[in-house]
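*Asks:*
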Amino acid sequence: MTNRILAPFVALLLGVASFASQASGGGGLMESHVNLGDQASLQRGAKYFMNYCAGCHSLGYQRYSRMAADLGLTEDEVQTWLNFTGAKFGDTMKSAMAPADGAAFFGKAPPDLSLVARAKPGGPDWTYTFLKSFYVDDSRPSGWNNTLLPGASMPNVLWDLQGTQRAVYGQDELGAEHISGFQLAPAGRLSAEEYDGVVRDITNFLNYVGEPAAMKREAIGIWVILFLAVFTFLAWLLKAEYWRDIH
Ligand code: HEC
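Here the sequence shown stands for residues 893 to 1139, numbered as in the numbering used here.
1) Can you have a look at Ala-1121 and say buried or exposed, based on whether 16 or more other CB atoms are within 10 angstroms of its CB?
2) DSSP state of Gly-918, grouped into three classes?
3) Let me confirm a value: Gly-937 is counted as buried when at least 16 other C-beta atoms fall within 10 Å, else exposed. Which label applies?
4) Leaving out the 5 sequence neighbours to the left and right, which residues in its chain are closer than 7 Å to Met-1107 when beta-carbon positions are compared?
5) Candidates Leu-1023, Pro-1047 and Thr-1021: which alpha carbon is nearest Asp-1030's?
6) Would you identify the three-state DSSP class for Phe-1026, choosing helix, strand or coil?
7) For Asp-1137 and Arg-1010, I'd like the C-alpha separation in whole angstroms.
8) Among Asp-968, Gly-1043 and Trp-1115, which one has its Cα closest to the Cα of Gly-982?
9) Can at least three beta-carbon pairs, one atom from the stretch 1051-1070 and one from the stretch 977-994, be found at a separation below 8 Å?
10) Name the two residues that bound the continuous alpha helix (DSSP H) containing Pro-1047.
11) When burial is assigned at 16 or more other CB atoms within 10 Å of the CB, is Asp-1052 buried or exposed?
12) Classify Tyr-1134 as buried or exposed, calling it buried when 16 or more other Cβ atoms lie within 10 Å of its own Cβ.
13) Would you kindly work out how many angstroms separate the C-alpha atoms of Asp-993 and Gly-947, rounded to a whole number?
14) What is the DSSP secondary structure of Thr-1095, counted as helix, strand or coil?
15) Can you tell me whether Pro-1013 is buried or exposed, with buried defined as 16 or more other CB within 10 angstroms of its CB?
16) Could you pull the start and end residues of the alpha helix (DSSP H) that Leu-963 belongs to?
17) Need the endpoints of the beta strand (DSSP E) that Ser-1072 sits in, please.
18) Take Glu-923 as the anchor and find which of Trp-1115, Trp-1018 and Ile-1071 has the nearest alpha-carbon.
19) Is Ser-1083 buried or exposed, if buried means 16 or more other CB atoms sit within 10 Å of its CB?
20) Does the beta carbon of Met-985 fall short of 7 Å from some heavy atom of the ligand HEC?
21) Could you check which residue in Val-1091, Arg-955, Leu-1007 and Phe-1125 has the C-alpha nearest to that of Ser-933?
22) Under three-state DSSP, which class holds Met-1107?
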């Protein structure tokens, strides 16, 4: 009897749970496990971004000075190690490449990445998966293709770190060919785990850039929870004190 009454509720709960996990997974994306509290990772991500990505991509909503403050870097460190365009410390982080040139070189202007970690389905996991999904494709003008963004005009700029990723083909139930996996030949300068770390750092940095205020909000959140915990304890002490005479 109880089972029959409970069953619909259990089914509903399971349904909600599976929907929630699908929504957060974004469908076939790898989990990036980004962490805004990991400042060293954010600093490395900024370094990789400025070295490997900023030649083509701008962060038009982010200023060098704001990045310095949020990531615990000095003006000197930023201007020496992270700013290669001669921009002022207070300027936004624009790429040296004009969008029109980008469109001429790659067939498509490299988009501004300020909001990419928020705009894509799956959030930062999309960027993480994208950077791990390049494979050699001689039919493409750049020589590269990407399983997450088929026909992407971006080459795999991290290939010397990752290695040359090649598609392995398999057949589905209907006999159609599809990419079933990847293999590295030749291998890159980094091991697979090291490469994942680099991609995670870049994704962590772009996730920070997508919402710089989130960092402060999360830090304040911890104090709010602590305050509530202490307050609850005091309230409980007070209650015990009041009720002592009544019992
Ligand atoms: C040589 C120029 C170039 C470099 C360097 C480069 N990209 Fe790109 N990127 C592009 C182009 C061109 C596109 C547009 C691809 C398309 O839509 O077909 C793109 C697209 C993207 C997208 C998808 C954006 C969207 O809105 O669809 C992401 C994310 C991205 N790049 C991240 C990076 C990261 C991270 C790096 C550094 C590791 C990097 N890119 C380095 C040229 C570049």
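For each residue, glycine too, the CB sits at the ideal point set by N, CA and C.
All values reported here derive from a predicted model rather than from experimental measurement.
*Replies:* To lay it out plainly:
1) exposed
2) Legend: pLDDT at Gly-918 = 43, less than 50; position of this residue unreliable, no value from coordinates given.
3) buried
4) Leu-928, Asp-962 and Tyr-1100
5) Pro-1047
6) strand
7) 56 Å
8) Asp-968
9) no
10) Element bounds for Pro-1047: n/a, residue is neither H nor E.
11) exposed
12) exposed
13) 12 Å
14) helix
15) exposed
16) 956-963
17) 1069-1079
18) Trp-1018
19) exposed
20) no
21) Val-1091
22) helix
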